Every structure is written in C-alpha cells, then in structure tokens.
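Peer 1:
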Amino acid sequence: MRYVVITGVSRGLGEALVNQFEADPDTTVVALGRSFSDAQRIAAGPRLVLVHCDLAEPAGLPHATELGELLAEADEVILIHNAAVVDPIGPIGDLSVDDLSTAVAVNLTAPMLLTNSLLAGLPPTVGRVLVMFVSSGAAHRVIDGWAAYSATKRGAEEFFAHLAKQYEDDPRVRVEVVNPGVMDTGMQETIRAADFAGRQRFLDLYENDELPDPAAVAARLIAEHIRP
Ligand SMILES: NC(=O)c1ccc[n+]([C@@H]2O[C@H](COP(=O)([O-])OP(=O)(O)OC[C@H]3O[C@@H](n4cnc5c(N)ncnc54)[C@H](OP(=O)(O)O)[C@@H]3O)[C@@H](O)[C@H]2O)c1
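Residue numbers (my numbering): 29 to 256.
#1: Under DSSP, the alpha helix (DSSP H) around Gly61 begins and ends at which residues?
#2: Can you tell which of Val33, Arg62, Arg69 and Ile70 has its C-alpha closest to the C-alpha of Thr56?
#3: Let me check one thing: in DSSP terms, what residues is Leu78 bridge-paired to?
#4: Report the residue from Glu85, Asp197, Val125 and Leu158 whose alpha carbon sits nearest the alpha carbon of Ile250.
#5: Please tell me whether, using a cut-off of 7 Å, the distance from the CB of Leu150 to the nearest non-hydrogen atom of ligand 1 is below it.
#6: Three or more C-beta pairs closer than 8 Å, one from the segment 158-174 and one from the segment 199-210: is that the case here?
#7: Round the Cβ separation of Phe224 and Ile117 to the nearest angstrom and send it over; I've been treating them as touching at under 8 Å.
#8: Note down, in chain order, each residue of its chain lying with its Cβ closer than 8 Å to the Cβ of Arg69, except the 5 sequence neighbours on either side.
#9: Which full runs of the alpha helix (DSSP H) of 4+ residues lie inside the segment 131-214, going along the chain?
#10: Given a threshold of 16 other Cβ atoms within 10 Å of its Cβ, counted over all protein chains shown, does Met211 qualify as buried or as exposed?
#11: Specify, as a first and last residue, the run of the alpha helix (DSSP H) that Leu41 falls within.
#12: Starting from Ile106 and walking both ways along the beta strand (DSSP E), at which residues does that stretch end?
#13: For Ile34, which three-state DSSP category applies?
#14: So, using beta-carbon positions, are Gly149 and Leu95 closer together than 8 Å?
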C-alpha cells in the first residue's frame with residue numbers, strides 16, 4: 029500500500045492533490061493540517077487519515093513514533109511538503125514579529141522537522157520513499173517585499189539538496205524540489221491584496237485569466253514527478 033503524507037490540504041494545491049490521490053484505491057492519504065474541507069471531514073477514514081496540527085507550532089508536529097505507527101502498513105511512502113504562507117509581505121523592518129516567525133515555522137521549520145521525524149520513524153517494510161518539497165520561483169529571485177517567503181523557500185531548498193545528496197547512492201529514497209508555478213489559489217488572493225512594487229503583475233495574471241486551476245497543476249505534478 030502506498031501512503032501519501034501531505035501538509036496543507038484544506039484548499040488550493042494541497043486539496044487538489046488529495047482529490048487525485050483519493051481516486052487511487054491503492055493509496056492511503058495522511059493529511060496534516062490545522063483545518064480540513066467539509067468533503068475531507070466526511071471522507072475521513074482508513075484511506076484518508078486527518079491529523080490535526082498547526083505547522084506554525086513545532087512542538088505540536090507528529091513525532092517519529094506517531095508517524096511510524098501511521099505508516100505501519102506502508103510499502104511505499106510519499107511525503108509532500110505543500111503548506112506554506114506568503115505573508116508577511118512588506119519591507120524588512122516593518123514586518124510583524126509574529127508573522128515572520130510563523131513564516132519560518134510553516135515554510136522552513138515544519139518541512140525540516142517532519143522529514144527528520146518521518147525518516148526516523150519509517151517502518152523497515154517501506155521499500156520506496158519520495159520526499160517532495162513544493163517550492164517557488166521566488167526562492168531564486170528578489171521580489172520587493174517578499175523576503176520572508178523567498179528566504180524560507182530558499183532555505184528549505186538547501187535542506188532538501190542535502191537530503192538528496194545523503195541518499196544519492198540509495199535508490200530507495202528520492203528527493204524532488206518542484207516549482208508548481210502560479211495558480212489560482214488563496215495564496216494569490218493574499219498577494220493581490222498586499223502592497224508591494226510588483227503587485228500589478230499578479231493583478232494582470234488574474235484579470236487576464238492566466239492563473240491555472242490547481243487541479244491541473246496537481247495532475248501535472250503527479251504525472252511528472254510522482255508516477256515514474
Ligand atoms: N499559488 C501560487 O501561485 C503558488 C506559486 C508558486 C508556489 N506555490 C506553492 O504551492 C504550495 C501550495 O500553495 P497554495 O497556493 O495552494 O496555497 P494556499 O491556497 O494559501 O493554501 C495553503 C495551505 O497551507 C495550509 N497552511 C497554512 N498555514 C498553515 C499552518 N500554520 N498549519 C497548517 N496548515 C497551514 C493552509 O491551511 P489553512 O486553510 O488552515 O490556512 C492551506 O491548506 C505552497 O508551498 C506555495 O508556496 C504557490
């Protein structure tokens with residue numbers, strides 16, 4: 029049985045990925061998040077396990093033992109770090125301490141801790157592991173006001189580059205850092221509502237109907253990075 033452990037599934041890309049994994053009878057989804065959609069709460073059961081945790085609170089993240097128990101029946105595990113926050117957007121010096129701390133916790137600390145705990149708790153029966161980090165083009169560009177998002181995505185990419193190096197001679201473990209590109213989600217609403225120099229580009233993408241549906245992005249990510 030394939031197990032997909034995924035963060036941030038209540039909406040956006042995470043919700044779209046879960047919808048597609050749920051259609052596969054040989055996949056069990058373990059969804060980590062602080063909220064879930066009505067459909068997810070109704071569908072929750074042995075093949076959709078909802079684990080409530082706020083990714084901004086490192087102490088509340090599942091530990092190795094708990095993850096090991098959740099994955100006891102798995103022979104293949106896919107860990108997808110999808111959840112992220114784009115806030116706070118603004119000049120360094122004006123950023124809220126709480127919002128900045130949350131961005132680091134959700135975008136960087138949680139992926140590092142969850143990866144470490146999952147590998148520590150992995151049952152010996154698991155023959156294949158894929159760790160996927162959903163990043164952003166912003167990890168490699170300076171965008172006015174986006175220091176928190178950009179730095180945390182870049183930091184996480186570095187962590188997963190180290191993980192890939194660690195397993196370069198072990199075909200059991202694969203590491204993928206993916207950039208989904210812009211898409212029509214709540215994160216884009218947050219960006220359009222923010223005050224920063226490059227905002228017009230994002231308003232134009234929305235006005236011109238150029239933001240892909242997250243379901244199409246999810247299908248592409250699965251086809252290009254997960255199926256092989
Ligand atoms: N949208 C884009 O244009 C775009 C472009 C490039 C990369 N990306 C990346 O794609 C991924 C998905 O983005 P998206 O656009 O789908 O974002 P989104 O619509 O804002 O959804 C973010 C998800 O993360 C969850 N989340 C946020 N803070 C959390 C916390 N403290 N604890 C638990 N869950 C939390 C949210 O849950 P709640 O409902 O509880 O808040 C939600 O399910 C992210 O990694 C993002 O950086 C997006």
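No residue lacks a Cβ here, since even glycine has one placed at the ideal position from N, Cα and C.
As the structure is a computational prediction, the values presented were derived from the model and not from experiment.
Peer 2: According to the data block:
#1: Per DSSP, Gly61 belongs to no alpha helix (DSSP H); it is in the beta strand (DSSP E), Thr55 to Gly61.
#2: Val33
#3: Ala59
#4: Leu158
#5: no
#6: At 8 Å Cβ cutoff, the stretches touch.
#7: Between Ile117 and Phe224 the Cβ distance is about 5 Å, and since that is below 8 Å, they are a contact.
#8: Leu78
#9: 138-149 and 175-194
#10: buried
#11: Gly40 to Glu50
#12: Run containing Ile106: Glu104 to His109, per the beta strand (DSSP E) assignment.
#13: strand
#14: yes
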